[in-house]
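Visitor: The following block contains the structure, expressed as structure tokens.
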Amino acid sequence: MDAFLNTLSALGQGFMHLTWQGSIMILIGCLLLYLGIGKKVEPLLLIPIGFGVVLGNLPLANLAAQDEGGVINLLYVSGILTEIFPVLLFVGLGAMIDFGPLLANPVVLIFGAAGQFGIFITLLLALGLGFAKQEAVSIAVIGACDGPTAIYVTSKFARDLLPAVSIAAYSYMALVPIIQPPIMRAMTTKKERATLMTGGEKQVSRKVKILFPIIAAVVTILIAPMGAPLMGMLMLGNLLKESGVVGRLVDVSQNTIANMVTLLLGLCIGASMLGGNFLTWDTILVFLLGFLAISLDTVTGVLLGKLMRVLSKGKINPLLGAAGTSAFPMSARVVQKEGQKANPRSFLLWHAIGANTGGQIGSVMAAAVMLAIMAGLGIGPL
Amino acid sequence: MDWTFGLTMTAAGMGVTLMTLYLLTLLIRLLNKLFPFKEEKENKPKT
Numbered sequence: 073m074d075a076f077l078n079t080l081s082a083l084g085q086g087f088m089h090l091t092w093q094g095s096i097m098i099l100i101g102c103l104l105l106y107l108g109i110g111k112k113v114e115p116l117l118l119i120p121i122g123f124g125v126v127l128g129n130l131p132l133a134n135l136a137a138q139d140e141g142g143v144i145n146l147l148y149v150s151g152i153l154t155e156i157f158p159v160l161l162f163v164g165l166g167a168m169i170d171f172g173p174l175l176a177n178p179v180v181l182i183f184g185a186a187g188q189f190g191i192f193i194t195l196l197l198a199l200g201l202g203f204a205k206q207e208a209v210s211i212a213v214i215g216a217c218d219g220p221t222a223i224y225v226t227s228k229f230a231r232d233l234l235p236a237v238s239i240a241a242y243s244y245m246a247l248v249p250i251i252q253p254p255i256m257r258a259m260t261t262k263k264e265r266a267t268l269m270t271g272g273e274k275q276v277s278r279k280v281k282i283l284f285p286i287i288a289a290v291v292t293i294l295i296a297p298m299g300a301p302l303m304g305m306l307m308l309g310n311l312l313k314e315s316g317v318v319g320r321l322v323d324v325s326q327n328t329i330a331n332m333v334t335l336l337l338g339l340c341i342g343a344s345m346l347g348g349n350f351l352t353w354d355t356i357l358v359f360l361l362g363f364l365a366i367s368l369d370t371v372t373g374v375l376l377g378k379l380m381r382v383l384s385k386g387k388i389n390p391l392l393g394a395a396g397t398s399a400f401p402m403s404a405r406v407v408q409k410e411g412q413k414a415n416p417r418s419f420l421l422w423h424a425i426g427a428n429t430g431g432q433i434g435s436v437m438a439a440a441v442m443l444a445i446m447a448g449l450g451i452g453p454l
Numbered sequence: 059m060d061w062t063f064g065l066t067m068t069a070a071g072m073g074v075t076l077m078t079l080y081l082l083t084l085l086i087r088l089l090n091k092l093f094p095f096k097e098e099k100e101n102k103p104k105t
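Just so you know, the sequences run in chain order W and H. Residue numbers 73 to 454, in the working numbering, belong to the letters of the first sequence in order. Residue numbers 59 to 105, in the working numbering, belong to the letters of the second sequence in order.
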């Protein structure tokens, strides 16, 4: 009888150890699952993250990312803390990107720089709010609108903020179609938004498409070697695609690698979101600052677009500036939609895709420069 | 707040990012000049 009661008591241990924070996190996990499955919001990411949150917060399961020796902990240590997952994701990303529109109209690459300005304003705000330098850099990089870059930088400097930063980065990327349009409309007149752009879909030679990833990797890595893993893998993926001779590797990069890493990355991030470290005031601040960073990217991008419209004597639509973020291809689609609302004859998508891929390069470059400066100042992880 | 760090990061970060992207713009222009698109050659089927 005693043995039976002991068995029953051992079976109920999980319920005995369930905390209120853990229960709230399990509910949050279920909410993410609902958004992913029910509402189809970023399902590839929200389903593994949501289930990871549920698993990680179940007591005694040894499935939290921080539970040493657990299955998810092994994945977390070997994939996230070593930065391999975000870096691998960049191979897939590079294999998916077409730099053609950017190569045909290179002036739009400058929008990729303006789209990063929000990162640095947010950095100043985060420092002003009392975050440590490493934390401020990690929060600011949400403004890159680039999940893997945000994870890469945060896993280097402020691992405690990794769950909040990664969730914020991916959430705001998905919310770009909601965040950007009101800012774009508020900052431009209808006449500006209606600007027609000529140039159409210019073709670029195959040699240029092949040489660009090689040259871009060499130049950017020589300037900021700390960003080499990100830029190197992004350009490797693109070179595989443009070479046209390694279809199997392109297929593996675009599908197998990208999908597998997304699954494991999501699971690990979710399982690292524990009640004790996630339900904090800092998490709310991270989300607020991240929102501000992405909004400011749009503001500065559109401001540069307005300036370029003046300099080009009305040939550039200022909305293109909003596509200078790394949220690919969401930002480009938003620009096309807003442009067509103002002028049904307007077709900005081709140019906006160019600016958007410029934003991809710009965000990695901005992160690389930040990493280089941190290394130069001798600032290590927290 | 560490203003020196914040302003160094902002000025150097934006400056270097902008300069690098401008340099890439010039390199792309150069590549397009060196290897212009030739429709017949690019679309020619390989035998």
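Built from N, CA and C at the ideal position, the CB exists for glycine as well. This one's a predicted model, so the numbers in the text were calculated from it and none came from an experiment.
#1: Could you tell me the boundaries of the alpha helix (DSSP H) in which residue 328 of chain W lies?
#2: Give, in chain order, every unbroken run of the alpha helix (DSSP H) that is at least 4 residues long and sits entirely within the region 240-267 of chain W.
#3: Output, in chain order, the set of chain H residues within a Cβ distance shorter than 7 Å of residue 195 of chain W.
#4: Check for me: the alpha helix (DSSP H) holding residue 465 of chain W runs from which residue to which?
#5: Write down the C-beta distance between residue 337 of chain W and residue 123 of chain W rounded to the nearest angstrom, noting that I regard them as a contact closer than 8 Å.
#6: Assuming residue 86 of chain W contacts residue 120 of chain W (C-beta within less than 8 Å), just tell me the rounded distance between them.
#7: Verify whether the separation of the beta carbon atoms of residue 245 of chain W and residue 215 of chain W is less than 8 Å.
#8: How many angstroms separate the CA atom of residue 248 of chain W from the CA atom of residue 108 of chain W?
#9: So is residue 418 of chain W buried or exposed if we call it buried at 16+ other beta carbons inside 10 Å?
#10: Tell me whether residue 468 of chain W is buried or exposed, calling it buried when 16 or more other Cβ atoms sit within 10 Å of its Cβ.
#11: Using 8 Å as the Cβ pair cut-off and three pairs as the minimum, do the region 384-397 of chain W and the region 421-437 of chain W touch?
#12: Determine the DSSP secondary structure at residue 406 of chain W, reduced to helix, strand or coil.
#13: Using CA atoms only, rank isn't needed, just tell me which of W:129, W:161, W:83, W:378 is closest to residue 117 of chain W.
#14: What residue from W:266, W:360, W:205, W:106 has the CA that sits closest to residue 386 of chain W's CA?
#15: When the distance is taken between beta carbons, is residue 422 of chain W closer than 8 Å to residue 173 of chain W?
#16: Are residue 169 of chain W and residue 310 of chain W closer than 8 Å when you measure CB to CB?
#17: Going along the chain, which residues of the region 277-289 of chain W sit with their C-beta nearer than 7 Å to a C-beta in chain H?
#18: Taking Cβ positions only, does residue 387 of chain W come closer than 8 Å to chain H?
#19: Put residue 138 of chain W into one of helix, strand or coil per three-state DSSP.
#20: Closest Cβ-Cβ distance between residue 334 of chain W and chain H: below 8 Å?
#21: Would you mind reading off the limits of the alpha helix (DSSP H) that contains residue 102 of chain W?
#22: So is residue 410 of chain W buried or exposed if we call it buried at 16+ other beta carbons inside 10 Å?
#23: Does DSSP put residue 351 of chain W in a helix, in a strand, or in coil?
#24: Quick one: using the 10 Å Cβ neighbour count with 16 as the cut-off for buried, is residue 343 of chain W buried or exposed?
#25: Exposed or buried, residue 261 of chain W, counting other C-beta atoms within 10 Å across all chains shown (16 or more means buried)?
Guide: Taking the coordinates as given:
#1: Taking the first sequence and counting its residues from 1, one reaches residue 328 of chain W at position 256. From DSSP, residue 328 of chain W is part of no alpha helix (DSSP H); its letter is neither H nor E.
#2: 248-259, 262-265
#3: Stepping through the first sequence from its first residue, residue 195 of chain W is reached at position 123. Ordered by position in chain H, the residues that pass the 7 Å Cβ test against residue 195 of chain W are 64, 67, 68.
#4: Outside the modelled stretch of chain W, which goes from 73 to 454, sits residue 465 of chain W, for which no answer is possible.
#5: Position 265 of the first sequence, counting from 1, holds the residue named residue 337 of chain W. Position 51 of the first sequence, counting from 1, holds the residue named residue 123 of chain W. Not really, about 13 Å apart at Cβ, beyond 8 Å.
#6: For this step, residue 86 of chain W is matched to residue 14 along the first sequence. For this step, residue 120 of chain W is matched to residue 48 along the first sequence. Incorrect: roughly 22 Å between the Cβ atoms, too far for contact.
#7: Stepping through the first sequence from its first residue, residue 245 of chain W is reached at position 173. Stepping through the first sequence from its first residue, residue 215 of chain W is reached at position 143. It is not a contact, given that the beta carbons lie outside the stated cut-off.
#8: For this step, residue 248 of chain W is matched to residue 176 along the first sequence. For this step, residue 108 of chain W is matched to residue 36 along the first sequence. Rounded to the nearest angstrom, the two C-alpha atoms are 17 Å apart.
#9: Locating residue 418 of chain W in the first sequence gives position 346, where the first residue counts as 1. Buried, because 16 or more other Cβ atoms sit within 10 Å of the Cβ of residue 418 of chain W.
#10: Missing from the structure shown is residue 468 of chain W; chain W here goes from 73 to 454 and no further.
#11: yes
#12: By one-based count along the first sequence, residue 406 of chain W stands at place 334. Residue 406 of chain W falls in the helix class under three-state DSSP.
#13: Start at 1 with the first residue of the first sequence, and residue 117 of chain W comes out as number 45. Closest option to residue 117 of chain W, Cα to Cα, is W:161.
#14: Position 314 of the first sequence, counted from the first residue, corresponds to residue 386 of chain W. The residue with the shortest Cα to Cα distance from residue 386 of chain W is W:266.
#15: Translated into the one-based positions of the first sequence, residue 173 of chain W becomes position 101. Translated into the one-based positions of the first sequence, residue 422 of chain W becomes position 350. It is a contact, given that the beta carbons lie within the stated cut-off.
#16: Counting from 1 along the first sequence, the entry for residue 169 of chain W is found at position 97. Counting from 1 along the first sequence, the entry for residue 310 of chain W is found at position 238. Yes, they are a contact pair.
#17: 277, 278, 279, 280, 283, 284, 287, 288
#18: In the first sequence, counting from the first residue as 1, residue 387 of chain W sits at position 315. Not closer than 8 Å to any Cβ of chain H, the Cβ of residue 387 of chain W fails to qualify, so no.
#19: One-based indexing of the first sequence puts residue 138 of chain W at position 66. Note: residue 138 of chain W maps to coil in three-state DSSP.
#20: Translated into positions along the first sequence, residue 334 of chain W becomes position 262. No, residue 334 of chain W does not count as interfacial toward chain H.
#21: Numbered from 1 along the first sequence, position 30 holds the residue referred to as residue 102 of chain W. Looking at the DSSP string, the run of the alpha helix (DSSP H) that includes residue 102 of chain W is 92-105.
#22: In the first sequence, counting from the first residue as 1, residue 410 of chain W sits at position 338. So residue 410 of chain W ends up on the buried side.
#23: Position 279 of the first sequence, counting from 1, holds the residue named residue 351 of chain W. Three-state DSSP puts residue 351 of chain W in coil, outside helix and strand.
#24: In the first sequence, residue 343 of chain W corresponds to position 271, counting from 1. By the 10 Å Cβ count, residue 343 of chain W comes out buried.
#25: As a first step, residue 261 of chain W is located in the first sequence; it is residue number 189 there, counting from the start. So residue 261 of chain W counts as exposed.
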